[in-house]
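Protein chains in written order, with the numbering used here: chain U, 85 to 355; chain V, 12 to 225.
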Amino acid sequence: MKHRTEEELVAYRDGEVNGREACAAHLQECVECRGELQRIEAVFAALDSLPAPDPGEAFGQRLWQQIAPRLPEKRPSWWARATRGVAVGGWFAPGRLAAVGAVAALVIVAFLVGRWWKPVPPAVEVTDAAKVRGRVLVLAVGEHLGRSEMVLVELANMAPAQGQKKIDISAEQQRAEDLVEENRLYRETALQSGDTAMAGTLDELERVLLEVANSPDEVTPAQFEAIRKRIEAQGILFKVRVVEQGLDEQKRKKAAAPDHGGAQPAERKKV
Amino acid sequence: MVGSEPAGAEGISDAIAVERTLAGEREAYRVLVERHSRRVYQLAYRMSGNAHDAEEIVQEAFLRAYQKLQQFAGNANFGTWVYRIAANYAIDRMRQRKSEDARHAPVSNPLEDGVEVDPINQLHDTRPSPERLAGNVELAKRMQLALAALTPAERTAIVMRHWDGCAIEEIATVLKSSSNAAKNTVFRAVQKLRHALEEYAGPGRAARAMGTEL
């Protein structure tokens, strides 16, 4: 008789729907698997033996006193004032009707203006601080993307031997875990800098890195294939390479044409 | 503060409390804090393992929720929303602390005989007598050590799943992973806890088959 794996029994205990009936039927028959399930159950019983953390009845009041001075005043917007109590008063109360009408009028005006007015591209004024931050981000993100690409390429190219039951991805998993932290920082910085395209790619990369970081040290061929498929399905390697190329281009352009605001003439001659 | 409190504020629904807070009635937020803070504290305590960190996590979660209240969709549940903010903050904090610890820790952490310390191995090294192990205090202590030895993601997953009954999809959102990966993380946590509590819960089937059980 083929016994149930520990993973299947944990999933069964957790209410897994897939294969539930077969697992239940097997447990009826198999004393050993019943024993295994009992031993798993003992772990959860041990978890429940921990005392429930209780901060006390007055915790909410104490917490409020601590945070209340740190809460900024919220100034209600005209829209919030107009829509307040929608659930109670409905959308057709006079104040709200006026608000809805005003927004509708604005949308129509914006539409018409957009149709007839050809905007002149605005002259963007970039501060020195923003330029410096942008350059640092370009360099650091370039290196980060290179390292991430390497981990993903290694995983994608890994060829498990025929009949190999477990594939050790602990090294890639560890590196992915470190990269997740870095990635989060760069994504936030990109968002703050208004680079939504970069932030979007970093967000997608983060999901794939997390998937790898959260995988077991050793995976079954099926799990490994699932990770590889996810890397391929997202097209993340392609996207990362496109961004990398863009960053290289930016670096080259900056090296070829330094800005006229901050660089010294002597520095310009060097390039 | 009490003077400006709207009549019957204690009994208002979460949705109305959110709406009033957004309309500038800061006192309305107190209702939400008092109503949901204990559950958030339980999550924070189980994730961080101590009261001091738990209080800081709860404070930060409610401050962040207040700042982001505009983004809160009215049809969602405020309790679930602030719970998720706390879980996100707690896991980021644990990860940050873990990487700081790794940076500041010496290259190796040797015992007297030069063997590296792994929290899980430490649990096995201190073999108490069966009588002591039978005691709940001893077991709870062991479990706390075992929980502390989990990775931030594993700890988050097991806390959310076991104590709060969160759906796998919800855990996946906090871990920023797929549902399959989240399920896997829960399983890994159970496996590690089981390994750490082998003497109490009995060895896994693999260990028994290999004759390596204690």
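Glycine included, C-beta positions come from ideal geometry on N, C-alpha and C.
Counterpart residues of residue i in DSSP-defined beta bridges
{"i": "residue 252 of chain U", "result": "U:302"}
Proximity of residue i and residue j at Cβ, strictly below 8 Å
{"i": "residue 113 of chain U", "j": "residue 87 of chain U", "result": "no"}
{"i": "residue 110 of chain V", "j": "residue 298 of chain U", "result": "no"}
{"i": "residue 293 of chain U", "j": "residue 267 of chain U", "result": "yes"}
{"i": "residue 239 of chain U", "j": "residue 311 of chain U", "result": "yes"}
{"i": "residue 155 of chain U", "j": "residue 77 of chain V", "result": "yes"}
{"i": "residue 52 of chain V", "j": "residue 153 of chain U", "result": "no"}
Three-state secondary structure (DSSP) of residue i
{"i": "residue 208 of chain V", "result": "coil"}
{"i": "residue 246 of chain U", "result": "coil"}
{"i": "residue 230 of chain U", "result": "helix"}
{"i": "residue 32 of chain V", "result": "helix"}
{"i": "residue 101 of chain U", "result": "coil"}
{"i": "residue 308 of chain U", "result": "helix"}
{"i": "residue 88 of chain U", "result": "coil"}
{"i": "residue 162 of chain V", "result": "coil"}
{"i": "residue 178 of chain V", "result": "coil"}
{"i": "residue 240 of chain U", "result": "helix"}
{"i": "residue 132 of chain U", "result": "helix"}
{"i": "residue 73 of chain V", "result": "helix"}
{"i": "residue 139 of chain U", "result": "coil"}
{"i": "residue 119 of chain U", "result": "helix"}
{"i": "residue 51 of chain U", "result": "Lying before the first or after the last residue shown, residue 51 of chain U is absent from chain U, which here runs from 85 to 355."}
{"i": "residue 22 of chain V", "result": "helix"}
{"i": "residue 96 of chain U", "result": "helix"}
{"i": "residue 120 of chain V", "result": "Residue confidence for residue 120 of chain V is low, a pLDDT of 44 falling below 50, so the modelled location carries little weight; the figure read from the coordinates is stated next. Note: residue 120 of chain V maps to coil in three-state DSSP."}
{"i": "residue 203 of chain V", "result": "helix"}
{"i": "residue 189 of chain V", "result": "coil"}
{"i": "residue 48 of chain V", "result": "helix"}
{"i": "residue 337 of chain U", "result": "helix"}
{"i": "residue 27 of chain V", "result": "helix"}
{"i": "residue 62 of chain V", "result": "helix"}
{"i": "residue 79 of chain V", "result": "coil"}
{"i": "residue 87 of chain V", "result": "coil"}
{"i": "residue 176 of chain U", "result": "Low confidence applies to residue 176 of chain U: its pLDDT is 48, below 50, so where it sits in the model is not reliable, and the reading given next is rough at best. The answer is coil: DSSP assigns residue 176 of chain U none of H, G, I, E or B."}
{"i": "residue 208 of chain U", "result": "Below a pLDDT of 50, predicted positions are generally treated as unreliable, and residue 208 of chain U, at 48, falls in that range; the measurement from the model is reported next regardless. Coil, per DSSP."}
{"i": "residue 144 of chain V", "result": "The predicted position of residue 144 of chain V is uncertain, since its pLDDT is 47 and thus under 50; a value taken from the coordinates is nonetheless stated next. Here residue 144 of chain V sits in helix by DSSP."}
Anticipated Cβ contact below 8 Å, residue i with residue j, distance rounded
{"i": "residue 102 of chain V", "j": "residue 75 of chain V", "result": "Not quite, the Cβ-Cβ distance comes to about 14 Å (not below 8 Å), so this is no contact."}
{"i": "residue 72 of chain V", "j": "residue 100 of chain V", "result": "6 Å"}
{"i": "residue 28 of chain V", "j": "residue 42 of chain V", "result": "5 Å"}
{"i": "residue 69 of chain V", "j": "residue 269 of chain U", "result": "Not confirmed; about 25 Å, so no contact."}
{"i": "residue 89 of chain V", "j": "residue 91 of chain U", "result": "That belief does not hold up - the Cβ atoms of residue 89 of chain V and residue 91 of chain U are roughly 36 Å apart, past 8 Å."}
{"i": "residue 48 of chain V", "j": "residue 144 of chain U", "result": "5 Å"}
{"i": "residue 105 of chain V", "j": "residue 134 of chain U", "result": "In fact, because the Cβ distance is near 18 Å, the residues do not count as touching under 8 Å."}
{"i": "residue 290 of chain U", "j": "residue 271 of chain U", "result": "6 Å"}
{"i": "residue 185 of chain V", "j": "residue 98 of chain V", "result": "5 Å"}
{"i": "residue 168 of chain V", "j": "residue 193 of chain V", "result": "6 Å"}
{"i": "residue 331 of chain U", "j": "residue 222 of chain U", "result": "5 Å"}
{"i": "residue 58 of chain V", "j": "residue 170 of chain V", "result": "5 Å"}
{"i": "residue 283 of chain U", "j": "residue 274 of chain U", "result": "4 Å"}
{"i": "residue 158 of chain U", "j": "residue 37 of chain V", "result": "7 Å"}
{"i": "residue 196 of chain V", "j": "residue 164 of chain V", "result": "5 Å"}
{"i": "residue 314 of chain U", "j": "residue 263 of chain U", "result": "Contact doesn't hold; Cβ gap of about 16 Å is too wide."}
heavy atom of the ligand GTP below 7 Å from residue i C-beta
{"i": "residue 94 of chain V", "result": "Among the components modelled here there is no ligand, and therefore nothing to report on the ligand GTP."}
| request: Select from the region 79-105 of chain V all residues with a C-beta closer than 7 Å to any C-beta belonging to chain U, and list them in chain order. | output: Correct list: empty, as no residue qualifies.
| field | chain U contacts from the region 162-173 of chain V (Cβ-Cβ distance under 9 Å) | value | 162, 164, 165, 168, 169, 172 and 173
| Of the residues that make up the region 181-192 of chain V, which ones have a beta carbon closer than 8 Å to any beta carbon in chain U? | 186, 187, 188, 189, 191 and 192
| task | Closer than 9 Å, Cβ to Cβ, to anything on chain V: give me those residues from the region 252-279 of chain U, in chain order. | result | 261, 262, 264, 265 and 268
| Going along the region 310-333 of chain U in order, which residues come within less than 8 Å of chain V, judged by CB to CB distance? | 310 and 314
| request: Select from the region 136-155 of chain U all residues with a C-beta closer than 8 Å to any C-beta belonging to chain V, and list them in chain order. | output: 136, 137, 138, 139, 143, 144, 145, 147, 148, 150, 151, 152, 154 and 155
| field | Against chain V: residues of the region 291-304 of chain U by CB proximity under 7 Å | value | 291, 294, 295, 298, 299 and 300
| field | Residues in the region 116-134 of chain U having any Cβ partner in chain V nearer than 9 Å | value | 116, 117, 119, 120, 122, 123, 124, 125, 126, 127, 128, 129, 130, 131, 132, 133 and 134
| said: Please identify, using Cβ separations under 9 Å, the residues of the region 148-160 of chain V that lie next to chain U, in order along the chain. | reply: Of all residues in the region 148-160 of chain V, only 150, 151, 153, 154, 155, 157 and 158 come within less than 9 Å of chain U when Cβ atoms are compared, listed by chain position.
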